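The opening residue of the sequence shown carries number 1 in the UniProt record's numbering; numbering runs sequentially from there. We treat Cβ as the ideally placed atom computed from N, Cα and C, and that holds for glycine. Predicted model only: the values in this text are computed from it and were never measured. The structure appears right after this line, and notes come after that.
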Amino acid sequence: MSSVKRAVEEKEKGNKLFRDGQIDGAIDATYASEKASEIEAIESLSRSGDSQIAETWTQWRNVQLNHHFNELAHKAKVRFSHMPISKGTPDQSMTFFNIDLISLFDGWDKDDPSPVNIQTFAKNGSLPLAFLFGGAGDARHVFGTILGLTRAHKKLRPVEKKALKTHITVLDIHFATVARDLVLFWLLNKLVEEKLDAISRLEIQAALPIVRALNYWSTNTSITASGLISHHSHRSPIEHIKAMSGGPFGMFGDPLAGRRQDAAAADRMGPLELRRVGEAFGLGSVPLAKVREVIQKNKVESMVLADFDKNTPWRLEHEAEWYTRVKVFVPLSKMWHLHPGLEYYGQIRGENVSESTMRKIARDVQKSWKPNITLLDGTKDGYPSFDYDVFTIVHQIAEFSKNTGLNLKVDKTSPSFSYVATFFENVAGAIKILLETIKVEFICGEVNKEISKIRHLLLERLTIKNMSSRDYTNGTLNTAIYTLPVLQDIPDSAVSANCLYLGIRELNGKAVIERLKLTKSPLPRPLSALASCENLRDWLAGLFIATVSPGTFQQRPHFVKLPNTLVVFVALLIELRDIGYPSHWLAEYLQVLLSGALITDRLAYRNQIPRPISDLRKRGDQHRLRIDPWLSDLEAILASSRGGLPFALQMPVGLDTKADDIGHYKASISANMFYSSPIVRFPENDAVLSLLFYRDAKEFHPKISKTAGTLDWFLQEIPDIVDGRVTPTPGTFHIITGPDYIDLAKGEVAWRMSKTTIARMRKENWVMVAWRADFWVDSTSQYSLTYCGKVS
């Protein structure tokens with residue numbers, strides 16, 4: 001390299017440092033003002049006629065002259081936070097899961113405690129605490145943590161109690177769930193205010209376990225109690241065991257034979273052993289002779305099965321039997337006079353109620369009781385199917401209450417109510433103690449997306465749960481990008497998830513199948529602790545390829561979710577700047593990528609995922625990565641957010657550079673057989689849909705005339721295209737990795753794209769289809785862009 005060329009490059013690098021320094025905040029306005037004369041001198045030396053150097057100083061002056069730079073940068077960041085980080089989901093209905101009730105102050109669970117130690121935060125002067133519950137569901141962990149916080153509060157010194165301020169964020173992607181939780185807290189507030197008469201207080205306590213949401217439920221009059229009950233099948237674990245021993249599984253033998261023989265010998269037990277067995281089955285106060293008599297009167301079978309029934313330790317077995325027949329919980333005895341037939345509940349223990357009486361009670365319930373329409377979430381018409389053990393949450397509340405020392409007051413006439421009422425009375429008492437120190441916020445949305453909007457709030461603990469599967473591989477990367485940055489720099493701060501699968505070697509297998517915990521390192525990291533520029537570029541190239549061409553998905557139960565869009569790739573570059581990577585490294589990498597000049601030996605993965613570790617170091621020949629299919633996607637992302645990026649990005653010639661150049665469009669689409677056919681329908685609750693825009697399918701493969709066959713071929717050949725194959729011709733198709741919105745059931749889709757590009761495609765009669773990135777098939781009929789409209 002000649003000395004002249006080296007000098008020019010060094011001068012250009014110095015010029016970019018000034019520009020990048022102010023954009024990413026390393027050079028503030030005060031410093032620039034103080035050094036104005038020196039900067040002017042450097043600028044004058046740089047007037048060599050070089051276009052790139054001139055553009056660099058133009059951007060510098062724009063930043064200097066624009067007094068609203070920070071405001072514009074904020075608006076750009078807001079636009080970026082609204083972009084989709086996951087591919088589209090064919091069906092917008094949601095899935096539900098649940099885990100045991102916990103308090104973060106007592107730890108994640110008994111096998112992995114790691115409790116929040118409030119003294120650690122007190123010593124660090126960090127008593128303004130913040131907790132975020134992602135996938136909060138019924139807010140059970142929120143209530144448990146509030147109870148735990150109250151116990152921790154008692155251990156603080158007066159000055160520390162005064163400093164304690166707690167912000168709790170309840171976040172869920174289900175609108176109905178968030179509304180339900182809001183109502184729960186509203187009812188709890190009524191209990192806290194203590195302005196209720198005895199009956200009103202009982203009614204609120206009874207409503208707390210079942211209330212669900214707001215306007216949707218108050219206006220839906222088409223749902224009846226009989227219709228809801230007909231779609232509800234309560235089956236407890238004990239009934240599953242009965243089915244195994246007497247049903248089709250009987251051919252494998254009686255799974256309880258050994259336990260039955262043990263129980264049959266109970267009449268030979270000594271007093272101590274007999275008393276222990278009696279206490280285990282709720283016969284603690286019964287004389288030993290009576291316990292032995294119970295066994296002798298053909299109770300062996302029920303006692304053996306009860307050993308597997310979680311209702312028994314909490315004395316819920318009789319209410320569970322009642323529920324199986326009538327499909328309602330037993331209200332407090334003071335309310336029995338409101339509902340005919342409840343007086344028979346007490347007779348179930350002695351089995352003195354005839355089947356005809358129970359059937360009559362069930363009919364009365366269907367006629368006179370109002371339906372619990374809060375069980376509906378508004379995502380689908382008609383009745384949902386409920387096939388689960390409804391007493392599970394009661395078991396969990398009872399177990400939690402016992403383990404945390406709550407004073408359980410069990411009324412044998414309405415045991416479920418007793419457990420739940422005791423729990424919420426304690427929660428109300430805890431809120432009353434913490435009233436001046438606690439704030440609860442409710443957010444409806446996807447956890448990573450919403451966290452990107454609340455960076456001002458530093459969290460102590462964040463728990464992510466109830467994702468639709470634990471094999472949500474992108475979740476680990478997204479947690480590092482979106483979640484870790486909002487944790488406090490304190491060792492006790494952590495984010496936990498029971499739903500993320502690690503795409504890396506794990507030191508502890510439990511991180512894969514039980515709970516993954518991550519914490520943050522102090523940032524920014526020194527450059528010596530980070531990857532080299534060359535290694536960073538190589539890793540980013542591999543990640544980009546894996547985002548646009550992840551491999552072939554498998555059917556369940558081996559399905560691995562890779563929902564990320566290119567929005568996440570850009571978010572990663574932003575986070576890398578905060579980690580400590582120089583801004584000009586990131587800007588230059590992105591500019592090389594956008595210009596289509598990125599050379600790599602990384603190859604698109606073509607086999608089934610999860611990807612084997614042996615493949616991670618696999619390399620091919622050096623080749624130019626083909627970027628043009630995804631250039632429209634990146635153009636929309638970067639033009640909309642460019643002003644908020646922590647590095648100065650020079651967009652290649654021909655690409656739009658301003659947010660105003662990007663339009664928001666919508667269209668009506670029609671799903672094909674891969675969504676509508678019950679025979680070949682793929683799973684509809686996975687985030688797998690991308691959009692493909694093209695002019696003529698024949699351009700994909702001129703020898704094939706049928707559009708469907710051409711698309712099938714084309715989609716499965718995307719890995720070859722990523723790796724640099726020159727056909728189809730660049731500019732003949734575009735891919736948007738994730739639409740802003742899509743619902744195949746309603747036939748609606750919305751996306752963002754350059755206004756110039758849309759105008760050209762309309763003029764040339766381009767079409768669009770939605771396609772599944774898991775099985776590489778189109779999911780809709782083609783839609784003519786001539787008819788697409790703008791989102792208002």
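query: Do the CB positions of I545 and P629 come within less than 8 Å of each other?; result: no
query: Going by C-alpha distance, which of S493, G542, W539 and L536 is nearest L518?; result: S493
query: Anyone know if the C-beta pair for P646 and I574 falls short of 8 Å?; result: yes
query: Distance, Cα to Cα, L316 vs S416?; result: 7 Å
query: Which class does I168 belong to by DSSP, given the choice of helix, strand or coil?; result: strand
query: According to the neighbour-count rule (16 or more other Cβ atoms, all chains shown, within 10 Å of its Cβ), is A529 buried or exposed?; result: exposed
query: Decide yes or no for the touch test of the region 532–548 against the region 759–768: beta carbon pairs closer than 8 Å, at least 3 of them.; result: no
query: Would you mind working out which of A770, K290 and F569 sits nearest D743, comparing C-alpha positions?; result: A770
query: Excluding the 5 residues preceding and the 5 following Q608 in the sequence, name in chain order all residues of the same chain whose CB lies nearer than 6 Å to its CB.; result: T552 and Q554
query: Kindly list the residues whose CB is nearer than 6 Å to the CB of A76, restricted to its own chain and excluding five residues on each side of it in sequence; keep chain order.; result: S641, G643 and G644
query: According to DSSP, simplified to helix, strand and coil, what is I780?; result: The displayed chain sequence assigns Thr, not Ile, to residue 780. Three-state result, T780: strand.
query: Is K5 helix, strand or coil by DSSP?; result: Residue placement at K5 cannot be trusted, given a pLDDT of 47 that sits under 50; what the coordinates show is reported in the next sentence. Here K5 sits in helix by DSSP.
query: Please check the pair S668 and E748, which I expect to be a contact at CB under 8 Å, by giving their CB distance rounded to whole angstroms.; result: 7 Å
query: For the alpha helix (DSSP H) containing S356, name the first residue and the last one.; result: E355 to S368
query: Measure the C-alpha to C-alpha separation of S779 and K154 and round it to an integer number of angstroms.; result: 58 Å
query: Can you have a look at L104 and say buried or exposed, based on whether 16 or more other CB atoms are within 10 angstroms of its CB?; result: buried
query: Which word fits E436, buried or exposed, when buried means at least 16 other C-beta atoms lie within 10 angstroms of its C-beta?; result: exposed
query: Does A198 pass the burial test, meaning 16 or more other C-beta atoms within 10 Å, or should it be called exposed?; result: exposed
query: Is F175 helix, strand or coil by DSSP?; result: helix
query: Can you have a look at L625 and say buried or exposed, based on whether 16 or more other CB atoms are within 10 angstroms of its CB?; result: buried
query: Under 8 Å between the Cβ atoms of T166 and E441?; result: no
query: With distances taken from CA atoms, which of V592, F400 and D172 is nearest G540?; result: The sequence given here has Leu at residue 540, not Gly. Comparing Cα positions, the closest option is V592.
query: Fully enclosed by the region 568–619, which alpha helix (DSSP H) runs are 4 residues long or longer?; result: 583–594
query: Nearest CA to the CA of D712: which residue from N403, S781 and T737?; result: S781
query: Kindly identify the DSSP beta-bridge partner or partners of G747.; result: DSSP, once it has assigned bridges, lists no residue as partnering G747.
query: Using a Cβ-Cβ cut-off of 8 Å (strictly less than) and excluding sequence neighbours within five positions of P526, which residues of its own chain qualify?; result: G580
query: Taking three-plus beta-carbon pairs below 8 Å as touching, is the region 84–92 in contact with the region 686–693?; result: yes
query: State the Cα-Cα distance for the pair D106 and T476, rounded to the nearest angstrom.; result: 25 Å
query: Are the beta-carbon atoms belonging to V192 and K432 less than 8 Å from one another?; result: yes
query: Which of the three DSSP states is assigned to F775 in this structure?; result: coil
query: Applying the criterion that 16 or more other CB atoms from any shown protein chain within 10 Å of the CB defines a buried residue, is E319 buried or exposed?; result: buried
query: Indicate whether L332 and S401 have their beta-carbon atoms separated by less than 8 Å.; result: no
query: I need the straight-line Cα distance from M358 to T324, nearest angstrom please.; result: 11 Å
query: Give the single residue among A750, A428, W369 and Y694 whose Cα lies nearest to the Cα of G731.; result: Y694
query: Can you list, in chain order, the residues of its chain whose CB lies under 7 Å from that of A73, leaving out five sequence neighbours each side?; result: G643 and G644
query: If you measure between the beta carbons of L187 and I204, is that distance less than 8 Å?; result: yes
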